[in-house]
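The next block holds one structure in the form of structure tokens; read it before the comments.
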Amino acid sequence: MSQSGPGSTWVLRLYMAVFFAYMFLPLGVMVAAGVNDYSPPSITVWRGFTLRWFSEFWADARMWSGLVNSLAIAAAVMALALPMGLAGALLLTQLGRRTAGLVYTVMVSPLLTPGIIIGISTVIFWRNLNVTAGLFTAILAQSAFIASYAMLMFMARLQRQDTTLEEAALDLGATRARAFRRITLPFLKPTIVTAAVIAFLQSFENYNTTIFSIGGNHTLVTEIGARMRFGISPIVNAIGILFIIVTVICAIAWAALRQRERLREATA
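Counting in this note's numbering, the sequence shown runs from 8 upward without gaps.
Here it is in structure tokens:
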């Protein structure tokens, strides 16, 4: 059995230091610029600590309306993408290998299509049906490719399912709907939660598809992108800091819930 020497330990520590610096140093720069009383954002020119960029964001009505639109679109996309992705995954698991290969290629193709194409084609299609581009078209355009992410996740989970459980339930007189509700859905519960979170985040941060499909409306991301053409504002850094805080809180809450579930299972 080979043993790691001092040299390999030093290399590993150096690698970890470079890795974490690469991951977190940009966030540290953004946080520092977000509390610096200097515009445009900078850490080389320091004029003192301030929280006024957060107050300016609080008073920015257009940013808030974009945030509301982003949350509404993300919630709607999540509600559409999960059922579509689950339906596609169930269909592919039931088809033969040759047919499933063709259908799989068609269903995954939105992931390979540029977001610009999806956004423009969605607007053109619904314009022919006299539907004006807006939140509705943005939701449909995003759902077209985010559903494929959900489908891939559900397929990976379904491939590990023991199908004999459903077959036994059907043999005992259960309908397919009841067998799906009592056996498959509980088995898919972890993936449903994960797919919902990923679909929400994919929609919330999407820019390419949204900017071409939302028409005269805007989201938080598209509004930030529009303002970047006129220079970087420290308000953007303040928004980034708020998102970091929310992300850390959600991660801690999720870890606490998982730990509670493990303790409950251990004591059961």
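Ideal Cβ placement from N, Cα and C applies to all residues, glycine included.
Inset, instruction - Look up residue 56 in the DSSP assignment and say whether it is helix, strand or coil. - result: Here residue 56 is taken as the residue at index 49 of the sequence shown, counted from 1. It is a strand residue.
Legend entry - Buried/exposed call for residue 6, threshold 16 Cβ in 10 Å: Nothing in the structure corresponds to residue 6, since the chain is present only between 8 and 275.
Inset, instruction - Along the alpha helix (DSSP H) that carries residue 233, what are the first and last residues, could you check? - result: Sequence index remark: in the sequence shown, residue 233 carries index 226 (1-based). Note, residue 233: alpha helix (DSSP H), 227-235.
Legend entry - Separation of residue 222 from residue 168, as counted between CA atoms: The residue given as residue 168 occupies position 161 in the sequence shown. The residue given as residue 222 occupies position 215 in the sequence shown. Approximately 43 Å between the Cα atoms of the pair.
Legend entry - Cut-off 6 Å between Cβ atoms - residues of its own chain near residue 8, not counting five sequence neighbours on either side: Residue mapping note: residue 8 aligns to position 1 of the sequence shown, counting from 1. Caution is warranted here: a pLDDT of 45 is assigned to residue 8, below 50, making its placement in the model unreliable, and the coordinate value is therefore given only provisionally. Excluding residues up to 5 positions away in sequence, nothing lies with its Cβ nearer than 6 Å to the Cβ of residue 8 in the same chain.
Legend entry - Bridge partner(s) assigned by DSSP for residue 43: Translated into positions along the sequence shown, residue 43 becomes position 36. Residue pairing from DSSP places residue 43 in a beta bridge opposite 56.
Legend entry - Given residue 76 as reference, the closest of 264, 271, 211 once Cα atoms are compared: To locate residue 76, count along the sequence shown from 1; it is residue 69. Per the Cα distances, 211.
Legend entry - Exposed unless 16 or more other CB atoms sit within 10 angstroms - verdict on residue 273: Here residue 273 refers to the residue found at position 266 of the sequence shown. Residue 273 is classed as exposed because its beta carbon has fewer than 16 other beta carbons within 10 Å across all chains shown.
Legend entry - Nearest-angstrom beta carbon gap, residue 202 and residue 152 [assumed within contact, 8 Å]: Position 145 of the sequence shown, counted from the first residue, corresponds to residue 152. Position 195 of the sequence shown, counted from the first residue, corresponds to residue 202. Not confirmed; about 14 Å, so no contact.
Legend entry - Which of helix, strand or coil DSSP assigns to residue 138: For the purposes of this step, residue 138 is taken as residue 131 along the sequence shown, with counting starting at 1. Of the three classes helix, strand and coil, the one that applies to residue 138 here is coil, per DSSP.
Inset, instruction - Locate the alpha helix (DSSP H) running through residue 287, then write down its first and last residues. - result: With the chain covering 8 to 275 only, the question about residue 287 has no answer from this structure.
Legend entry - Under the three-state DSSP convention, the category residue 90 falls into: Taking the first residue of the sequence shown as position 1, residue 90 is located at position 83. Collapsing the DSSP output to three states places residue 90 in a helix.
Inset, instruction - Answer with buried or exposed for residue 53, where buried requires no fewer than 16 other C-beta atoms within 10 angstroms of its C-beta. - result: Taking the first residue of the sequence shown as 1, we reach residue 53 at position 46. Exposed, since its Cβ has fewer than 16 Cβ neighbours within 10 Å.
Inset, instruction - Could you give the DSSP three-state label for residue 167: helix, strand or coil? - result: Stepping through the sequence shown from its first residue, residue 167 is reached at position 160. Here residue 167 carries a coil assignment [DSSP, helix/strand/coil].
Inset, instruction - Quick one: using the 10 Å Cβ neighbour count with 16 as the cut-off for buried, is residue 235 buried or exposed? - result: By 1-based counting over the sequence shown, the position of residue 235 is 228. Looking at its Cβ environment, which holds fewer than 16 other Cβ atoms inside 10 Å, residue 235 is exposed.
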